[in-house]
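Residue numbers (the working numbering), protein chains in the order written: chain D, 1 to 246; chain A, 247 to 657; chain R, 658 to 1349.
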Amino acid sequence: MSTLLEMSGVSVSFDGFKAINNLSFRIGEPELRAIIGPNGAGKTTFMDIITGKTRPDEGRVLWGEKSVSLLKMSESQIARAGVGRKFQKPTVFEAQTVRENLAMALKNKRGPFDVLFHSKTRAGAERIEAIAAEIGLSDQLGRISGELSHGQKQWLEIGMLLAQDPRLLLVDEPAAGMTPAEREHTTDLLRRAATKHAVVVVEHDMEFVRRLDCKVTVLCEGSVLAEGSLDHVTANQDVIDVYLGR
Amino acid sequence: MTSFFARNKSAAWFLLALALFVLLVTVLAPATGTGFLSTSFVKTLGKTLCLMLVAVAMDVVWGYTGILSLGHMAFFGLGGYMIGMWLMYARTELIIAESLRAAPIPPTPEEIHDAIGQQIFGVVGSADFPWLWGFAHSFPLQLAMVVLVPGILALVFGWLAFRSRVTGVYLSILTQAMTLALSLYLFQNEAGLRGNNGLSGLQNLPGLDAVPQSTISIWFFWGSALALGLGYLLFAWVVSGKMGSVIRGIRDNENRVRFLGYHVESYKLFIFTLTGIISGLAGALYYPQAGIINPAEIAPIASIYLAVWVAIGGRGRLYGAALGAAVVSLLSSWFTGGGAPNINLGFYTINWTDWWLVLLGLSFVAVTLLAPKGIGGIFDLFSRRHAVPERVGDFGPDQGARRTVEGEEEK
Amino acid sequence: MPRALLSSLALLLCLILAPLTAAAQETGLKAILQQYQAEVAKPGRQTVDALIEALVSSGDPAVPAFLQNWGDREVYQRKTDGQFFFASKNGGDYALSDIVTGQLAGTAPSAEIEQIRPNGGVRRVISTALVQFQLSDPNIANRIAALDAIARSPSADQIEPLRASIETEEDPGVLARKKRLDGMLTASFGATPETRIAAIGALSSELSVDVRAVLNQILTTRAGVAESLPEGANIARVLKPGKELTEAEAYARLVSADLAQPVQSREQIKAALTANLEGGAVGGVPLGQLVSEAGRARAYAALAAEGLVPARVTEEDRKAALSSHVFYEEYLEPDAAITDAAKAALGSVRTRVGLWQAVDFGLDSLSLASIYFLAAIGLAITFGVMGVINMAHGEFIMMGAYTGYVVQQIIPDYTLSLIVALPLAFAITFAAGVAMERLVIRWLYHRPLETLLATFGISIALQQLAKKRLRHPGPPADLAALARRGMDHQRRRRHRQHPHRDLRAGAGLPVLDPLHPQQDPHRPRGPCGHPEPRHGRLDGHQPRQDQHADLRPRIRHRRDRRHRHRSLRAGHLRDGRQLHRAELHDRGRRRCRQRLGHPRRGRADRHPAKGHRVDEPQQYAGSANLHDPLHHPVHPVPPQGHRRPQGPRCGRLTMPRTQHPPVLLGRNIPGESRAAARGRAPAAPQPQGASA
């Protein structure tokens, strides 16, 4: 398991409020990692830093075997380098069909002229079908995605994440608004993805995290509070304090 | 090609309607048919076709990509200026050559050049050609300028604006500033385009003095129709494939597209430049029909009107924009040209030349409030499924289409 | 018989008065007149000086009145005895009055008396002599009039009387003016260089236009060209061709000084070739080769070699001529010390003027910035807080402005109307804002661009309604009031020239229909892109026949107009239309021109002595300066490149112009837009600017 992403000494403050405070974090490939923490612990900011949406005040974020700094890359470059992200609220393109959504995410050349002269290929179509089957939206491919239910949109977004074929998947609350059966399915899917890729799951739901059965990082006030298996961290007094209040 | 039209039925219908319309006008035009229509009306129709083309371009940039550019008329005007330079130069050259031919000693090239300069720039108290006119003697070169000048301006402006991630209302204001600055610059005599006098006499094609205007008008009508047809096809192709998917994604949620790995700025730049070039071409066809161009043509208000046509026609569908431009501009010339009969209410007579603007203003309000899909929305009633799905929120670039949902979250 | 009786009566009168005026009698007016009888009756420019001298030195109080009447040709000589009288026509006869006492001295038929008609030169001498009396005239108005006269046409011999009158002057205001005028006269005509330099130095603390004119006149230069700089000349500066003046200008100077041959233009060469065209060849060069410049040059050289045409001036000749001559400007004033002093003084005056202009500009911009700021914070709040871009914001400004205007129509009192208008404007715009929010904007929250469109629609509808329903009110009330309270001339002029700078009807949002640009009344632009003064004479004034052309048809009767202006002068503004006209058109009088000592304006037709009103400040009109168009203090001739032919076609190309003159962007011509607002303009349905 080689190191895919390494953050060290990263700090971000918004108007004096330290959202991330000297955070260090590393994840290998393949690996499944869950991140938990109370509201305002900096989970989303953490993801923003990796995807390039937020620039940290200090610290470094190194990527891949060659340890390239992500801080110098733009969002789209980071995404092309292999970082995929699923947002907390499902953000699919509601005016377009499920197929179009998936096709847009599909791993292909991203330049304007490549896209302009892009022609549909059999391989691409098959890949879309496969992903659709995986996320259970095979019947919905022609539908406008705005018409889908909340859970289906979540699935679609996960499907878009898979279609990108990233090396690192950042998944923000994938199970929100899903039925228990769907949660089960999601868990399977993430675990299967984690056999090949690095997967970071941010989740509130302890049950879901328990089912993922992976290493857990607890964030609090912008830095790592504890790290280890779920049982290990839930036994930690600091974590109990944070979660249950003093 | 068949599959393209199968996927874009509206494009096929539009082209069919356009072809029928061209046929009808050809039959009724004075030069080629019965003469039911006057030459000036054929010109008006030809100009309207050009405006439809620029409106389609505007729809791509606004309705599809979500960039409310309030400066596309600047590209339109620049295209007109570029072709106007050649028209004026070439025609003046012919006139000069004609007048000098009578002299016992034949003229030298320098003499002719200087005389042309004197004729063209005498009105602004100068006689020298500015560097700007370096290509004006050559039709192919100047035709290249029609494409290059608006294209390069759009490219440079777009690069600067998009690179700094200026979006939404701020971008709109920036484009307004661009067109205002350009028009003020051209107002100066030093700008080299005859200042406020503009370029005139463009309706006279050099070397075609013998051809009556009625014939020229139908030529330009055909040319404009061809340009509109090809432009429509081009844009339909651009917005129908994966490109369309990406730019609509940019319109609805720019950041999401960015996180999918697309370099949003270059897409915007591509669309902005492409539409700028097409606008320039439309302008190059428009102004020979209008006969004169001056910096007032690229005043900011012209671009606002362009946005209004698209809004009234219906954003997010190409035929909507074309219809909006046609309906509003034709109605406008009908009302203001005194074509509409005054209405006598007994106590007050409604004089449409005065009241048309009031009506127009109120109809903007009505369209935005009551029929946000515009005229194009009517066609949804006929089609089985809604061509454009119900939107969530608006097309505004500020927070994307989903402002109601996501806007608060992103704050 | 009656004649004898009359003369004996006169004699008797003289005898009775004799003891009373014994002292004055010997040197008195009458004695002098008798002494110089012939000279008085037929005065000549060369010989009148002694008489004037005698009169002035006599000290008789009746002398000024006599001189005045003499100059005005109201002195008559009785043929019978050579006595002089003032006379006025009374039926067929003339009523004579005594020149000393002014009492009636009988009548005389016109055959018996002869009017004395001094010629122009003499009258000028007389009026100069009169000045010194007027300068110490007990009536202050006469003293001021005399000062005005001196200022208008200063000359060296006025210094002495002026100085003399300073000692006896009592009024402090007039005293100050006299001293100032004395300084200016001394600077120009002082006896010794030292006194002039001292006077010039004193002027450097002044600011006014007339002082600058005096200094400028001292510094008047004349362009010169020579092989080398002339000895002893007071050189202002040396001009290098290509730097301070273009080579073409420099060569033109050489040519006009007969120091070089003119360069043959292409047309001249062509004409020469054409004239020498023989049998399809010129100078042996066949016609076919004349289609290039080189061929023509060869042909011309051949002609020149034959001596048929002057040799061509080549570029080398031109360069050589330019480099072998020196171009300079030379002061008319030979004394370098004086010009140096004047230069220094002018520099210091200009610095101070610049400073004051900066202050003026600063205050102006502060006031304008405040208005814009007020307007802008409204926009900022609606956008920032509500997320709404209100394109109709300018129309709210318009509503406020119209409220102020309408209120002022009803309440003429300026202060009161402002007090009423402020809350009223607030209430009206508030109501309009509430209506707009409830009717339109409420439905469009979170859709910023659709709000933009809807409010833009409201904006053009409101503008059109305003154009339709309300007249163009002219300048805003505050400016008008400022003007009435003595807003200075400069500012009013600026206001007339740039009325568009005022906030008016939605100034930010011009409207025009891109489909119908031809219908826009376009406003011509000057070379710099600024709106030109629409008359476009080089000096910036309207040609007479164009002045008030837009008002003419509405002026019903001259008397009405005069009446109105009288009321304006008295400070009673009756209604807004007059107010507008007063502000835009200088209250119906062409004050601007006469005041500035315009070269084309006859000065004689306005004379303070005749009771004409002459406004302050008077231009100190030096004689040479005004007729030197290059250095005219007020309207210097613009550089050559800025000349611009006028008129719709400029008499140029044969191309038809479908376009009316140009245009736009919220700038408008008050006259035209007013006409348009009343539906007078033929077809301007598509208004060009928001502020119309």
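Just so it is clear, CB atoms sit at the ideal spot from N, CA and C, and this is done for glycine as well.
- DSSP, read as helix, strand or coil, puts ASP231 (chain D) in helix.
- One thing to note: GLY1061 (chain R) has its Cβ within 7 angstroms of the Cβ of ALA1078 (chain R).
- In this structure, the alpha-carbon of THR878 (chain R) lies about 54 angstroms from that of LYS1124 (chain R).
- Within chain D, the residues placing a beta-carbon under 8 angstroms from that of VAL510 (chain A) are SER76, ordered along the chain.
- Runs of the beta strand (DSSP E) lying entirely within the region 1058-1110 of chain R and spanning at least 3 residues: none are present.
- The region 48-55 of chain D makes contact with the region 74-84 of chain D; the number of CB pairs closer than 8 angstroms reaches 3 or more.
- Pairing GLY1114 (chain R) with LEU564 (chain A), the inter-Cα distance amounts to about 23 angstroms.
- Residue-level contact by beta carbon fails for GLY940 (chain R) and chain A, as no gap is shorter than 7 angstroms.
- When C-beta atoms of the region 432-440 of chain A are compared with those of the region 261-275 of chain A, fewer than three pairs fall below 8 angstroms, so the two segments do not count as touching.
- Sequence-ordered contacts of the region 470-498 of chain A with chain D read VAL484, GLY487, LYS488, MET489, SER491, VAL492, ARG494, GLY495 and ASP498 [C-beta pairs closer than 8 angstroms].
- Taking the beta carbon of GLY414 (chain A) as reference, no residue of chain D falls within 7 angstroms; the closest one sits roughly 18 angstroms away.
- For the pair of segments examined, the region 594-614 of chain A was found not to touch the region 504-519 of chain A: the number of CB pairs separated by less than 8 angstroms stays below three.
- Inter-segment contact for the region 935-951 of chain R and the region 352-362 of chain A is present: three or more beta-carbon pairs are separated by less than 8 angstroms.
- Neighbours of TRP1100 (chain R) across chain A, judged by C-beta separation under 7 angstroms: LEU615.
- In the structure shown, CYS214 (chain D) falls within a coil segment according to DSSP collapsed to helix, strand and coil.
- Using a CB distance cut-off of 7 angstroms, ILE313 (chain A) does not count as an interface residue toward chain R.
- For GLY37 (chain D), the CB contacts under 7 angstroms within the same chain, skipping 5 residues up- and downstream, are LYS43, VAL218, LEU219 and CYS220 in chain order.
- Residue nearest to PRO541 (chain A) within the set A:TRP259, A:LEU324, A:ASP305 and A:LEU295 is A:LEU324 (criterion: CA-CA distance).
- Interface annotation for the region 85-99 of chain D against chain A: ARG85, LYS89, THR91, PHE93, GLU94, ALA95 and GLN96, criterion Cβ-Cβ distance under 7 angstroms.
- For the pair ARG781 (chain R) and GLN692 (chain R), the Cα-to-Cα distance works out to about 22 angstroms.
- In this chain, GLU904 (chain R) is not harboured by any beta strand (DSSP E); it is covered by the alpha helix (DSSP H) spanning 904-913.
- Taking a C-beta distance under 7 angstroms as the contact criterion, PRO174 (chain D) and GLY84 (chain D) do not qualify as a contact pair.
- Contact annotation, PRO90 (chain D) with HIS150 (chain D): C-beta distance approximately 7 angstroms; criterion of less than 8 angstroms satisfied.
- Taking one beta carbon from each stretch, the region 362-378 of chain A and the region 477-485 of chain A have fewer than 3 pairs nearer than 8 angstroms; the two do not touch.
- For HIS118 (chain D), the nearest CB of chain A lies under 7 angstroms from its own CB, placing it at the interface with that chain.
- ASN21 (chain D): not part of any alpha helix (DSSP H); member of the beta strand (DSSP E) spanning 17-29, first to last residue.
- For ASN590 (chain A), the three-state secondary structure derived from DSSP is strand.
- Within the region 326-360 of chain A, MET334, ARG337, THR338, ILE341, ALA349, PRO350, ILE351, PRO352, PRO353, THR354, PRO355, GLU356, GLU357 and ASP360 place their CB atoms closer than 9 angstroms to a CB of chain R, listed in sequence order.
- In the displayed model, GLU826 (chain R) falls within coil according to three-state DSSP, outside both helix and strand.
- Neighbours of VAL233 (chain D) across chain A, judged by C-beta separation under 8 angstroms, do not exist; the nearest C-beta is about 28 angstroms away.
- ARG110 (chain D) reaches chain A at GLY507, TYR508 and HIS509, counting residues in chain order whose Cβ is nearer than 7 angstroms.
- Scanning the region 734-773 of chain R from its first residue to its last, the whole beta strand (DSSP E) runs of 3-plus residues come out as 741-747, 750-755, 761-766 and 770-772.
- The DSSP assignment places 816-825, 829-846 and 850-860 as complete runs of the alpha helix (DSSP H) inside the region 816-873 of chain R, in order along the chain (cut-off: 4 residues).
- The closest CA to that of GLY685 (chain R), considering only R:VAL720, R:PRO700, R:LYS699 and R:ALA707, is found on R:VAL720.
- Around THR595 (chain A), the same chain offers ASN588 and ILE589 as residues with beta carbons nearer than 8 angstroms, after the five sequence neighbours per side are excluded.
- SER249 (chain A) counts as exposed, since fewer than 16 other C-beta atoms from the protein chains shown sit within 10 angstroms of its C-beta.
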